[in-house]
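Colleague: The following block contains the structure, expressed as structure tokens.
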Amino acid sequence: MIERVGRGTVRAINAVGRFGHFVGDMVRAVPDVATWGRLTIVQMRRVGVDSLPVALFIAAFTGVVLALQASYTFTGTVPLYFVGTLVGKTMMLELGPVLAGLALAGRVGASMAAELGTMKVTEQVDALETLAYDPQSFLVLPRVIAGTAMFPVIVALAILTGIVTGWVASLVLLDLSTQEFIKGLKLFYRFKDTWFGLFKSATFGFTITLVGCVVGLRTRGGAEGVGRSTTQAVVYSAILLLVLDAFWALVLLR
Amino acid sequence: MIEFQDLHKAFGAKPVLAGLTLEVRDRETLVIIGYSGSGKSVALKHIVGLLHPDAGDVIVDGRAVSTLDGPALTALRREIGFVFQFAALFDSMTVADNVALGLRRRGLAEAEIAERVREALALVDLTGTDERYPAELSGGMRKRVGIARAIALRPRYVLYDEPTTGLDPVTSAVMDRLMVRTREHLGATGVVVTHDMRSAYTVGDRIAMLYEGRIRQVGTVAEIQASEDPVVRQFIEGRPA
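Going down the list, the protein sequences come from chains A and B. Counting from 3, one number per residue, gives the positions in the first sequence under the numbering used here. Counting from 179, one number per residue, gives the positions in the second sequence under the numbering used here.
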């Protein structure tokens, strides 16, 4: 038992050390703008275009469900225009960033881990090095920068979509007027609601893409290894995303 | 000149190289033969710093590879073309972009890059495939693109990792011819790792047999063919134990 705990501890320390080393290498690659600059634009387009439909789809239905659940909870006790408050606050502070983040952990993180894992096991990463490229500036930085920059944009659109569908659901299904919905939306609004959600989503984007790259580039063992890395990327990203979510709430919302 | 000096490398508890010492002379093509899993590719990867030795080192033109820092290693890699076993082409790029990638890193003008890509593809008989993607090519064509990518850099050294593995005999002979042509065209020093004896006899000036992590015998093609070492004889004749 003690031996198993010891081995697990050593493995965990090694993993943290490797991760720190990886991040250090990534930071050292930052001056190589000539390599990562052009590739980042390509990745931004991929991350943005590939992720938007799934993020908006989730946000659209979340907005409807939030309006209906708020109405169910408030009817007879709280004025119904609070539906707007709940939809707005929840989408901006929590469900917009977190649901989009979890969806994108599956979409973007998995695809990066699979792509880089395949490159690793087919020696394409070695080939890059022999061509005098640093895999950090060619593969990692473009993806991490694209993820960090594009996630807030995707989440902003997801939040907007959720609020719009919540408003439409309120109009059509709850007999709430537009004025009442907007009154509720404005009621406890603070600018912090907006920047908190977007800042949080930038950290989610950084984490998901970084995990995808780390896991992808340490893939071993052919197709089975690529499959394992893909699953690990989704699981680790989702866990870290939820931990980060709690961390930012603790640090920034108290 | 490339020198392997008492090179040791193990993966986990399994030693792969156990004191490999070997010299590759300028402008020769040295073929390293040996059983599958004997460490041939591992030795090759040490030359470009893709693997770090446990002990010993590889010396390239007086530079100990394992001691080179980032910029020095990059400078070394610019003198070496590496042809990978399964070509290692970038799937998302066209043939032309694959061949041009290393040239772009060197900061050449686009016109010169286009000319070098055209020349390299012509040398491997793949003119007209510029806009095709790796997935649209046969295994042999992919390997030839791999050679084109390496020689477009006009390197001083070309390293071939199992260049004929997985190819039919005719395509293997084409690859052998290309390796000979590449050497004549570039005047480069070559190191070829293979277990294909027909290929070894065709392209090699000298042959070295790697066995249990060390060089069992090294000599000219004629010397290896006349070897009386039972291990070498068994291997080159392809006799089961």
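Positions of the beta carbon are idealized from the N, C-alpha and C atoms, including for glycine. Bear in mind the structure is a predicted one, so any value in this text is a computation, not a measurement.
Would you mind stating whether L219 (chain A) and P154 (chain A) have Cβ atoms separated by less than 8 Å?
Modeller: Taking the first residue of the first sequence as 1, we reach residue 219 (chain A) at position 217. Taking the first residue of the first sequence as 1, we reach residue 154 (chain A) at position 152. Not in contact: L219 (chain A) and P154 (chain A) (Cβ atoms no closer than 8 Å).
Colleague: Got a sec? Which residues, its chain only, sit under 6 Å from A62 (chain A) by beta carbon, not counting five neighbours each side?
Modeller: For this step, residue 62 (chain A) is matched to residue 60 along the first sequence. Counting only Cβ-Cβ distances below 6 Å, and skipping sequence neighbours, we find T163, T167.
Colleague: Rounded to a whole number of angstroms, what is the C-alpha to C-alpha distance between A274 (chain B) and T307 (chain B)?
Modeller: In the second sequence, residue 274 (chain B) corresponds to position 96, counting from 1. In the second sequence, residue 307 (chain B) corresponds to position 129, counting from 1. Near 8 Å, if we compare the C-alpha coordinates of T307 (chain B) and A274 (chain B).
Colleague: Under 6 Å Cβ to Cβ from T342 (chain B), same chain only, skipping five residues before and after it: list those, please.
Modeller: For the purposes of this step, residue 342 (chain B) is taken as residue 164 along the second sequence, with counting starting at 1. S350, M353, D374, S377.
Colleague: Might you give, ordered along the chain, the residues of its own chain that have their beta carbon closer than 8 Å to the beta carbon of R241 (chain B), omitting 5 neighbours on each side?
Modeller: In the second sequence, the residue the question calls residue 241 (chain B) occupies position 63. Around R241 (chain B), the same chain offers A250, L254 as residues with beta carbons nearer than 8 Å, after the five sequence neighbours per side are excluded.
Colleague: Answer yes or no: do I210 (chain A) and V110 (chain A) have a C-beta to C-beta separation smaller than 8 Å?
Modeller: Within the first sequence, numbered from 1, the residue matching residue 210 (chain A) stands at position 208. Within the first sequence, numbered from 1, the residue matching residue 110 (chain A) stands at position 108. Yes. Within cutoff.
Colleague: If you count every other CB in all the chains shown that lies within 10 Å of the CB of S214 (chain B), and 16 or more means buried, which is it?
Modeller: The sequence position of residue 214 (chain B) within the second sequence is 36, counting from 1. Under this definition S214 (chain B) is an exposed residue.
Colleague: For a test of the three-state rule: what should DSSP assign to A36 (chain A), helix, strand or coil?
Modeller: Position 34 of the first sequence holds residue 36 (chain A). Reduced to three states, the DSSP call for A36 (chain A) is helix.
Colleague: By the 10 Å Cβ neighbour count, where 16 or more other Cβ atoms means buried, how is D204 (chain B) classified, buried or exposed?
Modeller: Translated into the one-based positions of the second sequence, residue 204 (chain B) becomes position 26. Answer is exposed; the Cβ neighbour count stays below 16.
Colleague: I need the boundaries of the beta strand (DSSP E) containing F182 (chain B), first residue and last residue.
Modeller: Along the second sequence, one-based indexing puts residue 182 (chain B) at 4. Where F182 (chain B) is concerned, the enclosing beta strand (DSSP E) stretches over 180-189.
Colleague: Give the range of the alpha helix (DSSP H) segment to which G168 (chain A) is assigned.
Modeller: Along the first sequence, read from residue 1 onward, the residue named residue 168 (chain A) stands at position 166. Per DSSP, G168 (chain A) belongs to the alpha helix (DSSP H) from 143-175.
Colleague: Determine, using beta-carbon pairs with one atom in the segment 216-235 of chain A and one in the segment 114-125 of chain A, whether at least three such pairs fall under 8 Å.
Modeller: Because the criterion of three Cβ pairs below 8 Å is met, the segment 216-235 of chain A and the segment 114-125 of chain A touch.
Colleague: Could you tell me whether the segment 124-133 of chain A touches the segment 231-242 of chain A, where touching means 3 or more Cβ pairs closer than 8 Å?
Modeller: no
Colleague: Is it buried or exposed for W197 (chain A), if we count other Cβ within 10 angstroms and need 16 for buried?
Modeller: Numbered from its first residue, the first sequence carries residue 197 (chain A) at position 195. Classification of W197 (chain A): exposed, given that the 10 Å Cβ count is below 16.
Colleague: Would you say D128 (chain A) lies against chain B (beta-carbon separation less than 8 Å)?
Modeller: Walking along the first sequence from the start, residue 128 (chain A) turns up at place 126. So, interface residue.
Colleague: R256 (chain B) CB to nearest chain A CB: under 8 Å?
Modeller: Translated into the one-based positions of the second sequence, residue 256 (chain B) becomes position 78. Chain A, which has a Cβ nearer than 8 Å to the Cβ of R256 (chain B), makes this yes.
Colleague: Under 8 Å, Cβ to Cβ, is there at least one residue of chain B near A134 (chain A)?
Modeller: Mapped onto the first sequence, residue 134 (chain A) falls at position 132. Residue contact check for A134 (chain A) against chain B: a CB pair falls below 8 Å.
Colleague: Less than 8 Å between the C-beta atoms of P99 (chain A) and K194 (chain A), yes or no?
Modeller: For this step, residue 99 (chain A) is matched to residue 97 along the first sequence. For this step, residue 194 (chain A) is matched to residue 192 along the first sequence. In this structure, K194 (chain A) does not lie closer than 8 Å to P99 (chain A) by Cβ.
Colleague: Whose CA, out of B:E406, B:I325, B:S219, lies closest to the CA of L299 (chain B)?
Modeller: For the purposes of this step, residue 299 (chain B) is taken as residue 121 along the second sequence, with counting starting at 1. Measuring C-alpha to C-alpha distances from L299 (chain B) to each of B:E406, B:I325, B:S219 identifies B:I325 as the nearest.
Colleague: Whether or not the segment 309-318 of chain B and the segment 267-281 of chain B are in contact is what I'm after, with contact meaning three or more pairs of Cβ atoms, one per stretch, closer than 8 Å; do they touch?
Modeller: In short, these stretches touch, since the Cβ pair count reaches three.
Colleague: Taking the alpha-carbon positions, what's the I180 (chain B) to R334 (chain B) distance?
Modeller: Position 2 of the second sequence, counting from 1, holds the residue named residue 180 (chain B). Position 156 of the second sequence, counting from 1, holds the residue named residue 334 (chain B). Approximately 11 Å between the Cα atoms of the pair.
Colleague: What does A191 (chain B) touch in chain A if you count any residue whose Cβ is under 8 Å from its own?
Modeller: Reading the second sequence from its first residue, position 13 is the one you call residue 191 (chain B). The contacting residues do not exist; A191 (chain B) stays about 16 Å from chain A at best.
Colleague: Cβ closer than 7 Å: which chain A residues qualify as neighbours of A266 (chain B)?
Modeller: Along the second sequence, read from residue 1 onward, the residue named residue 266 (chain B) stands at position 88. Those within 7 Å of A266 (chain B) in chain A are T124, E125, Q126, D128, A129.
Colleague: Measuring CA to CA, which of B:L331, B:K192, B:K187 is closest to A221 (chain B)?
Modeller: Sequence index remark: in the second sequence, residue 221 (chain B) carries index 43 (1-based). The option with the nearest alpha carbon to A221 (chain B) is B:K187.
Colleague: Three or more beta-carbon pairs under 8 Å between the segment 77-96 of chain A and the segment 167-179 of chain A, yes or no?
Modeller: yes
Colleague: Apart from the five residues on each side of it in sequence, which residues of its chain come closer than 8 Å, Cβ to Cβ, to Q183 (chain B)?
Modeller: Looking up residue 183 (chain B) in the second sequence gives position 5. Contacts found: T199, G234, D235, V236, I237.
Colleague: Can you check which of these residues, B:A191, B:G217, B:L208, is closest to D164 (chain B) by C-alpha distance?
Modeller: Lying before the first or after the last residue shown, residue 164 (chain B) is absent from chain B, which here runs from 179 to 419.
Colleague: What are the start and end residues of the alpha helix (DSSP H) that includes T245 (chain B)?
Modeller: As a first step, residue 245 (chain B) is located in the second sequence; it is residue number 67 there, counting from the start. Segment: none, T245 (chain B) is in no alpha helix (DSSP H) and carries neither H nor E.
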